[in-house]
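J.: Protein sequence lines, in the order shown, are assigned to chains X and Y. Under my numbering, read the first sequence as residues 18 to 389, first letter to last. Under my numbering, read the second sequence as residues 18 to 389, first letter to last. Don't be surprised by glycine CBs; every beta carbon is placed ideally from N, CA and C. What you are looking at is a predicted structure, and each value in this text was computed from that prediction instead of being measured.
Protein chains: 2
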Amino acid sequence: MNIKENIKTLVIKKRLKLDCGKTINNFPLAYETYGSLNKNKDNAILVFHALTGDQFVTGINPVTKKDGWWSYAVGPNKSIDTNKYFVICANVIGGCMGSFGPSHKNPDTNKIYGTDFPVITINDMVNAQVNLLDHFDIKKLFSIVGGSMGGMQVLQFISNFPDKASTVVPIACTSSHSAQNIAFNELGRQAIASDHNWSDGKYLSNNTLPDKGLSVARMAAHITYLSKKGLQEKFGRKLQERDALKFGFDADFQIESYLRYQGSVFVDRFDANSYLYITRAMDYFDLVKQFDGNLSNAFKKTKAKFFVISFTSDWLYPTQENKDIVIALNAIGADVGFVEIKSDKGHDSFLLDVPDFLKTLKNFLDKSYSER
Amino acid sequence: MNIKENIKTLVIKKRLKLDCGKTINNFPLAYETYGSLNKNKDNAILVFHALTGDQFVTGINPVTKKDGWWSYAVGPNKSIDTNKYFVICANVIGGCMGSFGPSHKNPDTNKIYGTDFPVITINDMVNAQVNLLDHFDIKKLFSIVGGSMGGMQVLQFISNFPDKASTVVPIACTSSHSAQNIAFNELGRQAIASDHNWSDGKYLSNNTLPDKGLSVARMAAHITYLSKKGLQEKFGRKLQERDALKFGFDADFQIESYLRYQGSVFVDRFDANSYLYITRAMDYFDLVKQFDGNLSNAFKKTKAKFFVISFTSDWLYPTQENKDIVIALNAIGADVGFVEIKSDKGHDSFLLDVPDFLKTLKNFLDKSYSER
Chain X
18 MNIKENIKTL
28 VIKKRLKLDC
38 GKTINNFPLA
48 YETYGSLNKN
58 KDNAILVFHA
68 LTGDQFVTGI
78 NPVTKKDGWW
88 SYAVGPNKSI
98 DTNKYFVICA
108 NVIGGCMGSF
118 GPSHKNPDTN
128 KIYGTDFPVI
138 TINDMVNAQV
148 NLLDHFDIKK
158 LFSIVGGSMG
168 GMQVLQFISN
178 FPDKASTVVP
188 IACTSSHSAQ
198 NIAFNELGRQ
208 AIASDHNWSD
218 GKYLSNNTLP
228 DKGLSVARMA
238 AHITYLSKKG
248 LQEKFGRKLQ
258 ERDALKFGFD
268 ADFQIESYLR
278 YQGSVFVDRF
288 DANSYLYITR
298 AMDYFDLVKQ
308 FDGNLSNAFK
318 KTKAKFFVIS
328 FTSDWLYPTQ
338 ENKDIVIALN
348 AIGADVGFVE
358 IKSDKGHDSF
368 LLDVPDFLKT
378 LKNFLDKSYS
388 ER
Chain Y
18 MNIKENIKTL
28 VIKKRLKLDC
38 GKTINNFPLA
48 YETYGSLNKN
58 KDNAILVFHA
68 LTGDQFVTGI
78 NPVTKKDGWW
88 SYAVGPNKSI
98 DTNKYFVICA
108 NVIGGCMGSF
118 GPSHKNPDTN
128 KIYGTDFPVI
138 TINDMVNAQV
148 NLLDHFDIKK
158 LFSIVGGSMG
168 GMQVLQFISN
178 FPDKASTVVP
188 IACTSSHSAQ
198 NIAFNELGRQ
208 AIASDHNWSD
218 GKYLSNNTLP
228 DKGLSVARMA
238 AHITYLSKKG
248 LQEKFGRKLQ
258 ERDALKFGFD
268 ADFQIESYLR
278 YQGSVFVDRF
288 DANSYLYITR
298 AMDYFDLVKQ
308 FDGNLSNAFK
318 KTKAKFFVIS
328 FTSDWLYPTQ
338 ENKDIVIALN
348 AIGADVGFVE
358 IKSDKGHDSF
368 LLDVPDFLKT
378 LKNFLDKSYS
388 ER
């Protein structure tokens, strides 16, 4: 796909020292905006995307021609109301929708980086994205909002830049990737690395694609995004366009067909090496350790108002891990609200049409905006 | 590995009509026994193995040279006391430890079956294994016991042969594979099928092995065998033989190293096509549907005494699915006991050193045996 013509890019001309020790410079950060920045420049919301998201939050994604990944939540009169707010979202570095990543060429060698790209972290991602504020001449964001890995970026951003946001909304996330989280990500990475076409990450130079491995990685992740109960209610043991079992290895069950489809459409829009890099960043995320075991210290310099949201059936980042953030904030008397939304849709609830969630998010933002 | 010399095999000379419609005949069933059959031939326990198990329940497995898969539970003075009971276990058909399976040659073509092997079901498995009773001249087993897929075989066996067991112990299992169960199995199958070396199942004829795909399948399954809490307590974010993150894709975390190891040792002992066939049999298992939606009817012809065991942290076959079996038994006034064992070790609890479980199983069997 030719993505360049549809992508706005800011070239970051500052040097950015990465956590791995390497320094990057003159690197592209692809972004998109929705709504208008007001005169006072105090209505901006920086949205952070999750593992497989990108900057095309809402409306039609010009590259995939499908709805943006957060179309339920972002748009005119929606939870994040683009009639009211100026929404900015950047593709994370390490990603594959225009921001500096492993499918880019190394300017020193003129070869595609592949796995020679530096390993990046959630900290590196937000340190790249903070440059968007200068670009738009925004002193302070009205809010920073994100779910899943987006929520991790929210937490890291306010920790790094305590004065740069008035409100902070981490959704369905964690302050530290658990062993089970790492296990599922490692499974995905091994699926990609097992693909004959992956070629130690040099597939783009070889004109091949590790589609099969990436598809398996996506299937694995997809299972973790849904709840057992939600899967049972949606698919159960329903058969796929057949009246009886076929006694073979084709997709007899709808759930098999669904997973295969999820895998197959994913490879059209995502880069396998980016999948490795971004999952690695998630696994490395440990805000608790960054603050020597005391998560409260991550937030003690900010006066921002927090609102933490979790979902009952999210087993990837369960309510308790979200509550741990609330506990750390309460321990220092921070301004923090918390709600656990009832939903059978699992971790994916934050991306879906879950009215209680969408209303709750809208209420928090609009109320905070009118009270500012 | 040359497994033949260590394997006892019964050649089944009856015709067995499989659920897929095909008929097999003169097929090998590999089995092992422990302890001695008494004079009355009423002390036999048929143990059924799980997905990746085999007939070598306890002691040293002569093929892998490691402990049998249920060494904690089976042996002299153990839960299934081989001083007292005569334990029989057969490798399931479709398996790879000597019983008729996809790595065998098709006698009609003299070629290795691969995916030309007929798709088998849990029902087919137990219909093959019931022949062991005639072989040992056993009219009625004292007990049938199994966990996970072994538990499914237990349920199917007593449904098919209501007079052939006095006691029935399904452990950590289900009467019908859920959508999430199918999803994880399909993930494993797709990982295998994605391996370049799998070659549509013809790898043995090609002298290749789809080790990478099988290893990924094992990693996926292994995550489901452990609980989130158990993983966190055992591994957390501990690093693997290093003081700090290496900013690369090697196994930084112990959990990554552990999963890679589990994958790598598995491929030495298991056949990829057998993995496809056995997971398919599990996914097809639906005892509720076999009895037109009324599970009670599966058990109404038997007078056996049931004892159902589940584990608190088993999210693959959670307590509720085990309780559904108890409810179906209670609905027809069957003799049924039930216990949920507290354990953080997840689904694997039944294979591990979980004293409450091991004592409970022993008590039930020994008490039932003395009261018989």
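#1: Just checking, does the segment 271-282 of chain Y make contact with the segment 195-202 of chain X on the three C-beta pairs under 8 Å criterion?
#2: Whole angstroms are fine: how far does the CA of A208/Y sit from the CA of H364/X?
#3: Run through DSSP, which three-state label would E49/X get?
#4: What is the residue span of the beta strand (DSSP E) that L158/X lies within?
#5: For C106/Y, list the residues DSSP reports as bridge partners.
#6: Along chain Y, in chain order, which residues have C-beta atoms closer than 7 Å to that of A242/X?
#7: Shorter than 7 Å from the beta carbon of S165/Y to some beta carbon of chain X?
#8: For V353/Y, I'd like the list of residues in its chain whose CB is within less than 8 Å of its CB, leaving aside the five on either flank, ordered along the chain.
#9: With a CB to CB cut of under 7 Å and the five nearest residues on each side skipped, what residues in its chain are close to V171/Y?
#10: I want to see whether chain Y comes within less than 7 Å of M299/X, judged by CB atoms only; does it?
#11: Ends of the beta strand (DSSP E) at K25/X?
#12: Looking at the structure shown, is E10/X part of a helix, part of a strand, or coil, going by DSSP?
#13: Taking 7 Å as the threshold (beta carbon to beta carbon), is F11/Y in contact with chain X?
#14: Can you list, in chain order, the residues of its chain whose CB lies under 8 Å from that of S291/Y, leaving out five sequence neighbours each side?
#15: Using a cut-off of 7 Å between C-beta atoms, extract the partners of G230/Y located in chain X.
#16: Q279/X: which of K362/X, I240/X, S193/X, P372/X sits nearest, CA to CA?
#17: If I follow the unbroken alpha helix (DSSP H) through S387/X, where does it start and stop?
#18: Between the beta-carbon of K25/X and the beta-carbon of Y48/X, is there less than 7 Å?
#19: Can you tell me which of the three DSSP states M18/Y falls into?
#20: Please list the terminal residues of the continuous beta strand (DSSP E) segment that includes S327/X.
#21: Taking the beta strand (DSSP E) that I188/Y falls in, what are its first and last residues?
#22: Residue ranges of each beta strand (DSSP E) run of no fewer than 3 residues wholly in the segment 81-143 of chain X, ordered along the chain?
#23: Below 9 Å on C-beta distance, what does S195/X contact in chain Y?
#24: Would a check of beta-carbon distances place M236/X closer than 7 Å to chain Y?
#25: Leaving out the 5 sequence neighbours to the left and right, which residues in its chain are closer than 8 Å to N23/X when beta-carbon positions are compared?
#26: With C-beta atoms as the reference, is N60/Y less than 7 Å away from F159/Y?
#27: What is the DSSP secondary structure of D269/X, reduced to helix, strand or coil?
#28: Taking beta-carbon pairs under 8 Å, can you tell me which members of the segment 174-199 of chain Y lie near chain X?
#29: From the beta carbon of A208/X, is the nearest beta carbon of chain Y less than 7 Å away?
#30: Please report whether the beta-carbon of E273/X lies at a distance below 7 Å from any beta-carbon of chain Y.
#31: Who are the neighbours of C37/Y on chain X, taking C-beta pairs under 7 Å?
#32: Determine, using beta carbons only, whether N123/X and Y130/X come nearer to each other than 7 Å.
#33: Assuming S201/Y contacts A238/Y (C-beta within less than 8 Å), just tell me the rounded distance between them.
#34: Out of I62/X, K34/X, N42/X, state which residue places its alpha-carbon closest to the alpha-carbon of K379/X.
#35: Taking 7 Å as the CB-CB limit, is E203/Y close to chain X?
#36: Within a Cβ cutoff of 8 Å, which residues of the same chain sit near V147/Y, ignoring the five residues on either side of it in sequence?
T.: Looking at the coordinates:
#1: yes
#2: 24 Å
#3: strand
#4: 158-164
#5: E49/Y, V64/Y
#6: According to the sequence shown, residue 242/X is Tyr rather than Ala. The contacting residues do not exist; Y242/X stays about 11 Å from chain Y at best.
#7: no
#8: K322, F323, F324, V325, V343, L346, N347
#9: F65, I161, V162, G163, V185, V186, P187
#10: no
#11: 25-29
#12: Residue 10/X lies beyond the stretch modelled for chain X, which goes from 18 to 389, so this question has no answer here.
#13: Beyond the ends of chain Y as shown, which are 18 and 389, falls residue 11/Y; an answer cannot be given.
#14: G111, G112, C113, G118, P119, S120
#15: S211
#16: I240/X
#17: 372-388
#18: yes
#19: Here M18/Y scores only 43 on pLDDT, less than 50, and its place in the model is too uncertain to base an answer on.
#20: 322-328
#21: 182-188
#22: 103-107
#23: K245, L248, Q249, G253, R254
#24: yes
#25: P79, V80
#26: yes
#27: coil
#28: S193, H194, S195, A196, Q197, I199
#29: yes
#30: yes
#31: F264
#32: yes
#33: Residue 201/Y is actually Phe in this sequence, not Ser. With 8 Å as the limit, F201/Y and A238/Y qualify as a contact, their Cβ atoms being about 7 Å apart.
#34: I62/X
#35: yes
#36: F174, N177, F178, K181
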